[in-house]
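Right, one structure below, let's go through it.
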Amino acid sequence: MHNNLTKQLLNVATQTAQSLQKSLSLLNIAELCNELASDVLNQKYQPSTYTRFAVCDPKLREIYAPAYRDRLLQCWLVNQAEPIISPHFIEDFYSNRIGKGTLYAVKRVQQLMRRPNNTYYLHLDIQNYFNSIHRPTLLNNWLTLLKKHAPHNQSLIAYVSSKILLQNVAQSAYVVSGSKALLATIPKHKRLASSPTDTGIPIGSASSQLFANLYLNPLDHFIKHQLKIKGYVRYMDDLLILGNSAKQLLAWKQQINQFLTTQLKLQLHPKKQHWNGNTFSNKKIKG
């Protein structure tokens, strides 16, 4: 098993994007992967120091970037988890999926808007999404799904998942990089360190995108199969529901908000609820 995991980590190393950390690690990449595999298999793995900085892309965001060895393991986890998770996504979920994406989401919204019963639509947004994800709930939902599929390396995936997903990155050791002045402009409520100790996953980790997508999957199935909303599209934490009256949409919104609060410990953003607007996921939409 050790040799197999080492080979998988080496393969991940060939796929990761070029970076300064990667360049510095290339000379001893085989040794790094060998030691990382040993730590994981002996259940002695501990994440290294993160690097905290701010970017504008175009929105101001706080980033926690993992050390290269940790990024390798996060990418390995994504490679193991994605084939298990992806088939459980609904068809009308479009974030970071092969053959989908923002433009496909917008086209789908336009298609749904042309249907006669979809004369009203409501755009909703989750408040402070990444910083509000309850990590124990996320891990429990993921491990339940993992158990159903029971891959041969289930216990290994579960161990790595626990080490990565339960880590309180903002309360762990990190170094600051880039402009401290830019970091200081991030509102306090938007900082990961302001979240409760069991809440929030870092933007910047290789595994955060996939598991943030997964976290709202129970909501997708609730909307499609219990509320039976046919006109529904999600892109990450952007939700769009369509119906034949404002009254119907309001009733659905209240049920969605209740599900978010009770099942996922999330809240809809009170100021980002747009009725019959003209954008979705920052793209203009026209019926």
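When you line the sequence shown up against the working numbering, it's residues -10 to 276, in that order.
All C-beta atoms in this analysis are idealised placements derived from N, C-alpha and C, irrespective of residue type, glycine included.
Assuming residue i and residue j make a contact with CB atoms under 8 Å, what is their CB distance in whole Å?
i      : j      : result
Pro36  : Gln198 : In fact, because the Cβ distance is near 18 Å, the residues do not count as touching under 8 Å.
Leu229 : Val149 : Not confirmed; about 34 Å, so no contact.
Arg41  : Tyr118 : Wrong, their Cβ atoms sit about 19 Å apart, outside the cutoff.
Tyr83  : Ala94  : 4 Å
Leu238 : Leu208 : Actually they are not in contact, since the Cβ atoms of Leu238 and Leu208 sit about 16 Å apart, beyond 8 Å.
Lys179 : Glu51  : 7 Å
Gly193 : Ala54  : 5 Å
Tyr39  : Ser144 : Actually they are not in contact, since the Cβ atoms of Tyr39 and Ser144 sit about 26 Å apart, beyond 8 Å.
Under three-state DSSP, which class holds residue i?
i      : result
Arg41  : strand
Glu51  : strand
Ile146 : helix
Tyr34  : coil
Tyr93  : helix
Phe82  : strand
Thr188 : strand
Ile153 : helix
Leu216 : coil
Leu203 : helix
His263 : strand
His141 : coil
His77  : helix
Leu111 : strand
Leu257 : strand
So, at 6 Å on beta carbons, what are the nonlocal neighbours of residue i in its own chain, with the 5 sequence-adjacent residues on each side left out?
i      : result
Lys152 : Tyr34
Leu231 : Leu101, Asn107, Tyr110 and Gly220
His263 : His112
Ile74  : Leu203
Ala235 : Tyr109
Going along the chain, which residues of its own chain have a beta-carbon closer than 8 Å to the beta-carbon of residue i, five neighbours each way excluded?
i       : result
Gln4    : Cys64
Leu216  : Trp241, Gln244 and Ile245
Thr250  : Gln256
His210  : Ile79
Ser121  : Ile115, Ser184, Thr188, Gly189, Lys254, Leu255 and Gln256
Leu(-1) : Ile18, Ala19 and Cys22
Gln(-3) : Trp65 and Asn68
Leu9    : Since pLDDT at Leu9 reaches only 48, below the 50 mark, its modelled position is unreliable, and the value read off the structure follows with that caveat. Around Leu9: no qualifying Cβ.
From which residue to which residue does the alpha helix (DSSP H) around residue i run?
i       : result
His138  : Arg124 to His138
Arg60   : Tyr57 to Ile74
Asp28   : Ile18 to Leu30
Arg209  : Inspection of the sequence shows that residue 209 is occupied by Asp rather than by Arg. Where Asp209 is concerned, the enclosing alpha helix (DSSP H) stretches over Asn206 to His210.
Ile175  : Where Ile175 is concerned, there is no enclosing alpha helix (DSSP H), given that its DSSP letter is neither H nor E.
Leu(-6) : His(-9) to Gln4
Ile245  : Ala235 to Phe248
Asn106  : Counting along the chain, Asn106 falls outside any alpha helix (DSSP H), and DSSP gives it neither H nor E.
Ser196  : Where Ser196 is concerned, there is no enclosing alpha helix (DSSP H), given that its DSSP letter is neither H nor E.
Ser168  : It is not in any alpha helix (DSSP H) - Ser168 carries neither H nor E in the DSSP assignment.
Asn120  : Tyr118 to Ser121
Can you have a look at residue i and say buried or exposed, based on whether 16 or more other CB atoms are within 10 angstroms of its CB?
i      : result
Met225 : buried
Pro72  : exposed
Ile87  : exposed
Ile46  : Here residue 46 is Asp; the residue named in the question, Ile, does not match the sequence. Flag for Asp46 reads exposed.
Val165 : exposed
Thr174 : exposed
Phe269 : Because the pLDDT at Phe269 is just 49, under 50, the model does not fix this residue reliably, and the point stays unresolved.
Ala159 : buried
What residue range is occupied by the uninterrupted beta strand (DSSP E) comprising residue i?
i      : result
Val165 : Tyr163 to Val165
Ile87  : Ile87 -> no beta strand (DSSP E), and no H or E assigned at all.
Asp227 : Asp227 to Gly232
Can you list, in chain order, the residues of its chain with a C-beta nearer than 7 Å to that of residue i? Leave out the 5 residues immediately preceding and following it.
i        : result
Leu171   : Ala43
His77    : Leu134 and Asn206
Met(-10) : Leu30
Arg124   : Leu154, Leu155, Asp187, Thr188 and Ile190
Ser196   : Gln63, Leu66, Val67 and Ile153
Asn265   : Tyr109 and Tyr110
Lys89    : Tyr83
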